[in-house]
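Numbering (my numbering), first residue to last: 193 to 319. All C-beta atoms, glycine included, are put in the ideal place defined by N, C-alpha and C. Note sheet for the following structure.
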């Protein structure tokens, strides 16, 4: 069973919040068929700790402003700013420092999962 509409809404909203803070290489993976604990992973990265934390703050703020507010049930890694995890039950957000993302390679680990398409609304439309 693919990710729920709620999970997709949360993931796309979080992805746009991350993109607005210049997150890099944003990927949303539909892990619903592989895991029972969540429907989607949002994976993004930034080149420094300050930007990682800024992206995390933006995601939390944007999801708390949805009509059906979302707050993380768990946060991990915030002190170091190298890999922050936000668990919203329906989705799990991973914001990595670029070096940690390469090392842990979640994208490769979950490569068999379908990708939920995300297009940054601020990017110019293709000609």
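(1) Where residue 207 and residue 242 are concerned, what is the direct C-alpha to C-alpha distance, given to the nearest angstrom?
(2) Between which residues of its own chain and residue 306 is the CB-CB distance below 6 angstroms, once the five residues before and five after are set aside?
(3) Using only alpha-carbon positions, find the residue among 255, 254, 294, 315 that is nearest to residue 235.
(4) Let me check understanding here. Comparing Cα to Cα, which of 246, 274, 204, 195 lies closest to residue 258?
(5) Between which residues of its own chain and residue 193 is the CB-CB distance below 8 angstroms, once the five residues before and five after are set aside?
Concretely, from the data shown:
(1) Spanning the two alpha carbons is a distance of roughly 18 angstroms.
(2) In its chain, beyond the 5 residues on either side, 222 have a beta carbon closer than 6 angstroms to the beta carbon of residue 306.
(3) Ranked by Cα distance from residue 235, the options 255, 254, 294, 315 are led by 294.
(4) The closest CA to that of residue 258, considering only 246, 274, 204, 195, is found on 204.
(5) 224, 225.
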